[in-house]
Amino acid sequence: MSRKVFSLVTVLVALALALSACGQAATPTPEPTAVVTEAPASPTPVPPTPTPVPPTATPTQEPITLTDGLGNTVTLEQPAQRIVALAPSITESLFAIGAGGQIVARDDNSKFPAEAEQIPSVGGLWGDLPLETILSYQPDLVIVAEIISPDKVKQMQDAGLTVFWVPNPKDFDGLYKNLRDLAKLTGHEEEAEKLIAQLQERVQAVEDALADVTDEPLVFYELDGTDPANPWTTGPNTFISNTIKMAKGRNVGDVLDKAWAQISTEELVKQNPDIILLADAPYGVTPESVAQRPGWDAIKAVKEGKVYPFDPNLLSVPGPRLVDGLETLAVMLHPDVFCAKDLTQHLEQNLVGAVCNP
Numbered sequence: 067m068s069r070k071v072f073s074l075v076t077v078l079v080a081l082a083l084a085l086s087a088c089g090q091a092a093t094p095t096p097e098p099t100a101v102v103t104e105a106p107a108s109p110t111p112v113p114p115t116p117t118p119v120p121p122t123a124t125p126t127q128e129p130i131t132l133t134d135g136l137g138n139t140v141t142l143e144q145p146a147q148r149i150v151a152l153a154p155s156i157t158e159s160l161f162a163i164g165a166g167g168q169i170v171a172r173d174d175n176s177k178f179p180a181e182a183e184q185i186p187s188v189g190g191l192w193g194d195l196p197l198e199t200i201l202s203y204q205p206d207l208v209i210v211a212e213i214i215s216p217d218k219v220k221q222m223q224d225a226g227l228t229v230f231w232v233p234n235p236k237d238f239d240g241l242y243k244n245l246r247d248l249a250k251l252t253g254h255e256e257e258a259e260k261l262i263a264q265l266q267e268r269v270q271a272v273e274d275a276l277a278d279v280t281d282e283p284l285v286f287y288e289l290d291g292t293d294p295a296n297p298w299t300t301g302p303n304t305f306i307s308n309t310i311k312m313a314k315g316r317n318v319g320d321v322l323d324k325a326w327a328q329i330s331t332e333e334l335v336k337q338n339p340d341i342i343l344l345a346d347a348p349y350g351v352t353p354e355s356v357a358q359r360p361g362w363d364a365i366k367a368v369k370e371g372k373v374y375p376f377d378p379n380l381l382s383v384p385g386p387r388l389v390d391g392l393e394t395l396a397v398m399l400h401p402d403v404f405c406a407k408d409l410t411q412h413l414e415q416n417l418v419g420a421v422c423n424p
């Protein structure tokens with residue numbers, strides 16, 4: 067019975083007793099009971115007493131179980147909330163799927179997006195593992211990429227840390243799988259699927275634009291020209307090589323027998339690439355300095371002025387910006403197809419401008 071109805075009943079009972087008291091000795095007013103079986107007529111119907119409904123049990127969070135790139139099975143009772151991200155690609159990918167706020171520490175090289183630099187760093191990754199610093203953040207998950215060796219992974223596991231090792235993708239399907247794994251570990255699966263759909267649409271747009279292209283220029287992608295007579299490049303079956311092929315180009319490094327190797331000036335002159343891309347441009351290598359290397363003036367790309375700087379982060383950091391890398395490659399290899407299209411508007415203009423606005 068509602069409080070309103072109960073109050074009305076109580077008042078009416080009290081009035082009835084008061085009226086009867088005019089001809090009788092006063093008698094004690096009876097205490098109203100919690101349930102009135104006979105209530106006076108009321109314009110408001112009395113609702114039935116609701117049947118108590120037992121509380122619904124809160125669904126139990128199913129444990130999250132995934133196998134990482136080293137074959138280790140990782141199980142979490144709930145999505146990770148305190149993550150140490152030990153690779154630029156991991157940090158970038160976590161932010162891209164909406165999990166940046168769950169990172170409590172990163173490595174020195176994880177600087178994208180800009181918000182990542184506000185997160186404390188555990189230091190560099192090239193020397194000894196900063197194990198004590200990592201432990202001090204009390205992470206529930208440490209996520210690493212291929213730049214962390216299996217030995218270092220074991221070192222962290224032996225210290226009681228849960229570690230997930232993410233392999234470098236060989237193609238875009240591998241990138242999408244990595245994003246889905248990270249999303250499952252962090253509870254951001256819906257956001258990841260939206261991101262993947264956008265990336266797939268952009269990749270498809272490049273493939274559609276190049277569908278009728280038959281000319282495939284030969285490309286030399288320079289990773290490190292510290293030894294200009296024997297610069298480092300990418301070999302066959304790497305993401306960079308496969309992406310050059312997707313952009314309708316051919317990779318000079320495919321003649322090598324390693325994923326990352328040096329190539330001699332003699333071999334380069336023999337291959338005679340149409341285009342040279344300088345991924346070491348951030349370290350001071352320029353088209354002008356390349357033209358001054360002994361013997362390089364005989365290479366077609368140098369003679370025709372088709373030596374361009376390239377942002378290494380677009381193809382060497384295996385995160386969502388790999389799609390930017392594909393688009394930029396496609397523009398540089400086929401400016402006649404892309405420069406008049408909207409595709410170039412969101413790309414780094416200091417790169418595509420070299421071919422679209424020479």
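In terms of the working numbering, the sequence shown opens at residue 67 and continues consecutively.
Glycine included, each C-beta is placed from N, C-alpha and C at the ideal position.
Here the structure is a predicted model, which means the values were calculated and not measured.
Residue i vs residue j beta-carbon contact at 8 Å
| i | j | result |
| --- | --- | --- |
| Val150 | Val232 | no |
| Asn379 | Phe305 | no |
| Leu392 | Val269 | yes |
| Val383 | Glu158 | yes |
| Lys171 | Leu201 | As written in the sequence, residue 171 is Ala, which differs from the Lys given in the question. In this structure, Leu201 does not lie closer than 8 Å to Ala171 by Cβ. |
| Gly301 | Ala263 | no |
| Leu381 | Thr252 | no |
| Ile213 | Leu191 | yes |
| Pro205 | Asn175 | no |
| Thr131 | Thr141 | yes |
| Asp237 | Asn308 | yes |
| Thr331 | Gly361 | yes |
Heavy atom of the ligand FMN within 7 Å of residue i beta-carbon
| i | result |
| --- | --- |
| Thr157 | As presented, the structure is devoid of all ligands, the ligand FMN included, so that no description of it is given. |
For residue i, the residue or residues it bridges with in DSSP
| i | result |
| --- | --- |
| Tyr287 | Leu343 |
| Asn317 | Val285 |
| Ala327 | Thr299 |
Assumed close pair residue i, residue j - CB separation to whole angstroms, cut-off 8 Å
| i | j | result |
| --- | --- | --- |
| Phe376 | Ala275 | Contact doesn't hold; Cβ gap of about 20 Å is too wide. |
| Arg359 | Pro294 | 5 Å |
| Ile156 | Val210 | 7 Å |
| Tyr374 | Leu343 | 6 Å |
| Ala162 | Gly319 | Contact flag wrong, Cβ pair sits at about 29 Å. |
| Val389 | Leu197 | Their Cβ separation, rounded to whole angstroms, is 35 Å, which puts Val389 and Leu197 out of contact at 8 Å. |
| Gln147 | Gln168 | 6 Å |
| Ile341 | Leu399 | 7 Å |
| Asp173 | Leu195 | Not confirmed; about 11 Å, so no contact. |
| Lys372 | Asp363 | Contact flag wrong, Cβ pair sits at about 14 Å. |
| Thr292 | Ala327 | Their Cβ separation, rounded to whole angstroms, is 14 Å, which puts Thr292 and Ala327 out of contact at 8 Å. |
Chain D within 8 Å of residue i, Cβ atoms only
| i | result |
| --- | --- |
| Gln264 | The chain labelled as chain D is not found in the depicted structure, where only one protein chain is given. |
Self-check item: Ordered list of beta strand (DSSP E) runs contained in the region 201 to 266, each at least 3 residues
Solution: The region 201 to 266 contains these whole beta strand (DSSP E) runs: 207 to 211 and 229 to 232.
Quiz item: Which ranges would you report for the alpha helix (DSSP H) in the region 149 to 210 if only whole runs of at least 4 residues count?
Solution: Runs of the alpha helix (DSSP H) inside the region 149 to 210: 154 to 162 and 197 to 202.
Quiz prompt | Meets three-Cβ-pair contact criterion under 8 Å: the region 299 to 313 and the region 243 to 262 | solution = Contact fails: fewer than three Cβ-Cβ distances are below 8 Å.
Exercise. Can you check the region 329 to 416 for any beta strand (DSSP E) of at least 3 residues that lies completely inside it and give the ranges in chain order?
Key: Counting whole runs of 3 or more residues, the region 329 to 416 contains the beta strand (DSSP E) stretches 341 to 344 and 373 to 375.
Self-check item: Sufficient close CB pairs (3 or more, under 8 Å) joining the region 275 to 282 to the region 211 to 230
Solution: Segments in contact, no.
Self-check item: Any 3 or more C-beta pairs closer than 8 Å across the region 171 to 191 and the region 241 to 250
Solution: Taking a cut-off of 8 Å for Cβ pairs, the region 171 to 191 and the region 241 to 250 do not touch, as fewer than three such pairs fall below it.
Quiz prompt | Inter-stretch contact at 8 Å, needing at least 3 Cβ pairs: the region 285 to 293 / the region 336 to 346 | solution = Segments in contact, yes.
Practice problem: Report the residue ranges of all beta strand (DSSP E) runs contained in full by the region 123 to 147; include only those spanning at least 3 residues, in chain order. | Solution: As far as the region 123 to 147 is concerned, its whole beta strand (DSSP E) runs of at least 3 residues are 130 to 133 and 139 to 142.
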